[in-house]
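K.L.:
Dropping a structure here in structure tokens format, bear with me for questions.
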Amino acid sequence: MDKEATTQKVIDLIRQAGERGIRLLVFPETFIPDIPYFIECYPPLKQVGAIALYAEQSVVTQAKKSGHPISCRETGVAISLGVSERMAGGFTLFNSQINLQPTYVERAVWACGSGATLKTYKTGMGITWEAKCLCCWENTMHLARQALVEQNEHIHAAAWPALSVLAGFEAVADIQIEALMKSHALMCQTFVVCASSYVDEGPISAQEGRGWSAVVHPFCEVLAGPHTSETECMLEAEIELRELAEVKVWIDAAGHYKAA
1 MDKEATTQKV
11 IDLIRQAGER
21 GIRLLVFPET
31 FIPDIPYFIE
41 CYPPLKQVGA
51 IALYAEQSVV
61 TQAKKSGHPI
71 SCRETGVAIS
81 LGVSERMAGG
91 FTLFNSQINL
101 QPTYVERAVW
111 ACGSGATLKT
121 YKTGMGITWE
131 AKCLCCWENT
141 MHLARQALVE
151 QNEHIHAAAW
161 PALSVLAGFE
171 AVADIQIEAL
181 MKSHALMCQT
191 FVVCASSYVD
201 EGPISAQEGR
211 GWSAVVHPFC
221 EVLAGPHTSE
231 TECMLEAEIE
241 LRELAEVKVW
251 IDAAGHYKAA
């Protein structure tokens, strides 16, 4: 829970991705300063100090600019990066989407967002493609997904926490994520890049977990991963955007396969 150190890690990973020729780098949910896993573990009154520290380590957009936009320009790497923001004067980060619906105890930390931020973004880098991110169980929201379909989403970034770390979720978390990612790929005819965080002794010594990270073809073939071990890993896959046209011959959620 150190935004300065995590920001530097982001910069290092962007440069590493650039050296490997990666064009799009997707980070897990709320990578800066990290997911507040502690809210799932303790009674509310015992969380006050931790929540205050988390707010302190959240990003204030009016503060000095971090180095990752510069790193993206230098390396030619587009990124999908989630941060916890403290809204100062209504300002927010460039090309940002505010989390639509924090889940369960997440509402002790974050406020609800607006559907007005559900926009895909064109990314150049020699070829133009539409990309967008949904976080965690936002990927279950049919209308949010359809909003991206209507904007001709080519690549879907899905940012997740390590849900399998939570007691009661061990047996179902990875299965849920895999099902949702393959469902989105097929139903929305898009490539899916899914990034989950992992948990070590950093957030809380009593928790360890893995997450489910992969790159999924629109017809549900797993192109990279899935990575589910208790180690950090940068998955890499090469995709052919022209294959989207072939998929849409069969099913086109924004066109001939759209219900009236």
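Under UniProt numbering, the first residue of the sequence shown carries the number 1, and numbering increases by one thereafter.
Don't be surprised by glycine CBs; every beta carbon is placed ideally from N, CA and C.
Note that the structure is a prediction, hence the values are computed from the model and not measured.
Where N99 and S164 are concerned, what is the direct C-alpha to C-alpha distance, given to the nearest angstrom?
P.N.:
So the two alpha carbons sit approximately 21 Å from each other.
K.L.:
Using alpha carbons as the reference points, say which of P36, Q189, K258, W250 lies closest to V105.
P.N.:
Here the closest residue by C-alpha is P36.
K.L.:
Is the beta carbon of A185 less than 8 Å from the beta carbon of P226?
P.N.:
Taking 8 Å as the Cβ cut-off, A185 and P226 do not qualify as a contacting pair.
K.L.:
Looking at E40 and L180, is the spacing between their C-beta atoms short of 8 Å?
P.N.:
No. Outside cutoff.
K.L.:
Considering just the uninterrupted stretch of the alpha helix (DSSP H) at K119, what are its terminal residues?
P.N.:
Careful: K119 lies outside any alpha helix (DSSP H) and carries neither H nor E.
K.L.:
Would you list the one or two residues that DSSP bridges to C194?
P.N.:
Note: C194 sits in a beta bridge opposite A158, A214.
K.L.:
Excluding the 5 residues flanking Y121 on each side, which residues of the same chain have their C-beta closer than 8 Å to its C-beta?
P.N.:
Cβ within range, chain order: N95, E130, A131, K132.
K.L.:
Judging by CA-CA distance, which residue of H154, L45, T123 is the nearest neighbour of I239?
P.N.:
Closest by alpha carbon: H154.
K.L.:
Could you work out which residue in I14, M187, A214, R20 is closest to I175 when comparing CA atoms only?
P.N.:
Ranking the options by Cα distance to I175, first place goes to A214.
K.L.:
State the start and end residues of the unbroken alpha helix (DSSP H) segment that holds A50.
P.N.:
Unbroken alpha helix (DSSP H) run through A50: 48-56.
K.L.:
Which same chain residues, not among the five before or five after V247, have their C-beta less than 6 Å away from its C-beta?
P.N.:
Excluding positions up to five away in sequence, the list reads Q189, P218.
K.L.:
Determine contact between the segment 230-239 and the segment 13-21, defined as no fewer than three beta-carbon pairs at a distance below 8 Å.
P.N.:
The segment 230-239, when compared against the segment 13-21, does touch it at the 8 Å Cβ threshold.
K.L.:
Return the CA-CA distance between G21 and A55, expressed in angstroms with no decimal places.
P.N.:
Roughly 35 Å separates the two Cα atoms.
K.L.:
Express the C-alpha separation of L53 and P161 in angstroms, rounding to a whole number.
P.N.:
So the two alpha carbons sit approximately 20 Å from each other.
K.L.:
Closest to P102 by CA distance: which of R242, M141, V199 is it?
P.N.:
For the residues R242, M141, V199, the minimum Cα distance to P102 belongs to M141.
K.L.:
Do T6 and I32 have their C-beta atoms within less than 8 Å of each other?
P.N.:
A contact, by the Cβ cut-off of 8 Å.
K.L.:
At the level of alpha carbons, what is the spacing between G49 and E74?
P.N.:
Rounded to whole angstroms, G49 to E74 spans 39 Å at the Cα level.
K.L.:
Would you tell me roughly how many angstroms separate the C-alpha atoms of S84 and E232, rounded to the nearest one?
P.N.:
Looking at the two C-alpha atoms, the distance is approximately 21 Å.
K.L.:
Around the C-beta of R242, are 16 or more other C-beta atoms found within 10 angstroms, so that it is buried, or is it exposed?
P.N.:
Exposed is the call here.
K.L.:
Can you check DSSP and say which residues form a bridge with I14?
P.N.:
BP columns for I14 are empty, so no partner.
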